[in-house]
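Here the first sequence stands for residues 53 to 540, where the numbers follow my numbering.
Note that CB positions come from ideal geometry on N, CA and C, so glycine has one too.
Values in this document were obtained by computation on a predicted structure and should not be read as measured data.
To start, the structure under review is shown below, and the notes come after it.
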Amino acid sequence: MDSGDWRSVAPGYAARSNGQSQSASKSRAAAAVTHIEICASLTPHKADARFPQVPCESCMHDLRQLRDNLDGIRTQLGPRGRDVPWDDLRKLLDERRNLTTQVEQLRAQLKRGSDEIAQLKRAKQPADDAMTAMKAVGDRIRVMDEDLRGLEDRLTGLTLHIPNIPHPSVPKGQDSGDNVEVRRWGTYPTIGGTPRSHWDLGEALGILNFDRAAKMTGARFAVLTGAGARLERALINYMLDVHTGRHGYREVLPPFLVNRASMTGTGQLPKFEEDLFRLREEDYFLIPTAEVPVTNLHREEMLDEPSLPLRYTAYTPCFRREAGSYGKDTRGLIRLHQFNKVELVSFTTPSQSDEELERLTGHAEAILQGLGLPYRVVTLCSGDMGFSAAKTYDIEVWLPSQSVYREISSCSNFQAFQARRAGIRYRPAGGKKEAKPELVHTLNGSGLAVGRTLVAILENYQQSDGTVIIPEVLHAYMGGMTRIQKDN
RNA sequence: GGAGAGGUGGCCGAGUGGCCGAAGGCGACGGUUUGCUAAACCGUUGUAGGGGCUAAAACCUCUACCGAGGGUUCAAAUCCCUCCCUCUCCGCCA
């Protein structure tokens with residue numbers, strides 16, 4: 053082959069099963085479902101449990117921490133917090149506290165009064181005066197309660213729009229130009245002549261078609277056929293097998309539609325609704341990533357500490373509206389409204405999450421290494437990170453046709469951000485009497501974006517005759533096929 | 001889609017208007033006993049918010065929470081309405 057000998061760097065893949073030890077503890081944890089208080093309403097006109105379900109007292113930071121340390125949080129957020137109306141927030145927090153205190157005092161009064169009435173009645177004494185008085189108190193409470201509810205709705209609305217605080221190790225910066233490269237792996241392939249783009253190669257090989265996808269659906273969709281479809285499926289199976297077999301993840305096949313509460317739990321809502329596809333008749337959304345359903349596996353649950361870390365891997369298609377990306381990556385498979393992805397999701401204790409991010413990133417890298425695709429890892433700067441992340445590594449694969457590294461995986465530690473919004477907690481094990489539930493830390497990463505992996509294979513393994521060599525680890529998944537030729 | 005039965009704490013489960021944050025059991029934690037383990041016995045054990053105390057906790061106190069939301073009432077786990085979810089039967093469907 054004429055693509056160099058760098059492939060020998062790649063370690064061979066040996067399937068082993070060491071994932072079962074987790075399953076027993078997992079079912080224990082799954083049984084430990086708890087129902088926590090839910091109230092805040094984002095769609096206040098519909099009393100439908102599918103819609104809001106946002107834990108109201110715990111939207112972003114706990115409100116006490118937010119109130120006590122508003123300026124500190126503002127400083128830590130830096131430019132990420134520029135859209136937050138800090139003054140309104142402070143005012144709302146104070147107003148809520150004042151009103152809460154008043155309402156609760158009135159309620160205590162009402163409770164005492166009602167108890168007295170009960171005693172009078174039992175003693176067969178007249179209680180009309182007390183009942184009249186308590187009716188007045190009750191009416192006052194109802195009025196104030198309504199005000200308080202309005203305050204809390206506004207407060208929830210604000211806090212749900214505050215992004216996560218960057219991890220201390222995250223470089224400060226404005227945009228992708230300030231990201232920091234961490235490491236590189238692999239060697240660039242030697243390609244005779246000018247490297248062809250994957251769409252050029254794929255269409256010539258008869259395995260990739262965009263016109264027909266546009267016909268049946270629209271722009272930013274693709275059809276894979278023949279060896280192309282087979283290669284996509286092979287990659288999905290290879291990735292899942294490595295993650296379940298070698299890396300110890302538990303496979304999940306979740307729903308591809310989720311409700312509003314799940315989207316809010318992981319942070320896609322309320323801020324990024326325009327990026328999502330939504331059904332017309334139901335308040336369901338097509339998932340933009342498996343992170344959403346898989347993280348929400350444990351929404352509003354109490355996990356056992358011994359069951360942590362819980363590691364899941366899931367293949368799902370992903371659906372994104374790509375609003376605002378007009379003109380970007382208009383050709384090829386790089387940016388589609390629908391693409392396949394194998395995702396890694398992890399739930400850990402707070403003390404383990406830093407280490408888990410490194411581990412998880414390594415698991416994603418292992419796929420690229422197995423496939424012999426050159427890549428680099430970059431740490432996103434504070435300005436380039438997603439809304440919910442505390443720290444993110446992007447893995448970028450080498451694309452010879454463009455001579456650039458393109459994102460193929462994004463691995464993030466969300467710390468307690470998603471756990472707080474989604475109510476995912478664990479009870480610390482053992483210890484002394486201290487066993488207060490704590491929020492877990494959640495992490496996830498692509499392991500990998502399948503379509504982009506197919507792109508990288510086509511481009512990095514292209515031969516001067518227009519055929520494409522199939523990486524060795526996929527041969528078995530391809531029914532023995534070792535090379536993609538025209539129309540196979 | 002039609003008919004019915006349900007949803008209570010970490011788990012199971014009692015509770016049909018006040019003395020119920022909720023019996024009883026399981027689990028967990030602490031202790032007694034024990035050569036060790038087990039058993040037995042005694043005790044503790046929900047979450048969140050406000051206030052007080054504090055460097056912070058512990059702690060004290062008030063309030064809320066029995067699927068969700070609303071209503072009736074002086075007072076709701078309990079009565080009424082709407083919704084969600086689960087289970088059973090029928091229909092339809094892969």
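- Annotation: P369 to D191 spans about 53 Å, alpha carbon to alpha carbon.
- Here the alpha carbons of E204 and R235 stand approximately 46 Å from one another.
- With fewer than 16 other Cβ atoms from the protein chains shown falling within 10 Å of its own Cβ, R134 counts as exposed.
- Looking only at F391, K173, T431, the smallest Cα-Cα distance to E233 is reached by T431.
- Rounded to the nearest whole angstrom, the CA to CA distance from G518 to K538 is 8 Å.
- As the crow flies, the alpha-carbon of G225 is around 18 Å from that of S462.
- Only exposed fits P358, as fewer than 16 other CB atoms lie within 10 angstroms of its CB.
- With fewer than 16 neighbouring CB atoms inside 10 Å of its own CB, G531 falls in the exposed class.
- In the DSSP assignment, I169 falls within the unbroken alpha helix (DSSP H) covering 138-174.
- Membership of N121 in any beta strand (DSSP E) is not indicated, and neither H nor E is assigned to it by DSSP.
- One alpha carbon belongs to V520, the other to E255, and they sit about 13 Å apart.
- Per DSSP, the continuous beta strand (DSSP E) segment holding V456 begins and ends at 456-467.
- Per DSSP, S405 is one residue of the alpha helix (DSSP H) stretching across 405-423.
- The DSSP-derived three-state label of H527 is coil.
- Counting along the chain, T208 sits inside the alpha helix (DSSP H) bounded by residues 180-211.
- A residue is called buried when at least 16 other Cβ atoms come within 10 angstroms of its Cβ; N348 meets this threshold and is buried.
- Note that the C-beta distance between S398 and R363 is below 7 Å.
- When DSSP states are grouped into helix, strand and coil, Y513 belongs to the coil group.
- Annotation for D230: C433 place their beta carbon closer than 6 Å to its own, counting only its chain and skipping 5 residues before and after.
- R387 and R473 have their C-alpha atoms spaced approximately 29 Å apart.
- The alpha helix (DSSP H) runs of length 4 or more contained entirely in the stretch 334-368 are, from start to end of the chain, 343-347.
- Within the DSSP bridge table, the entry for A501 names K393 as partners.
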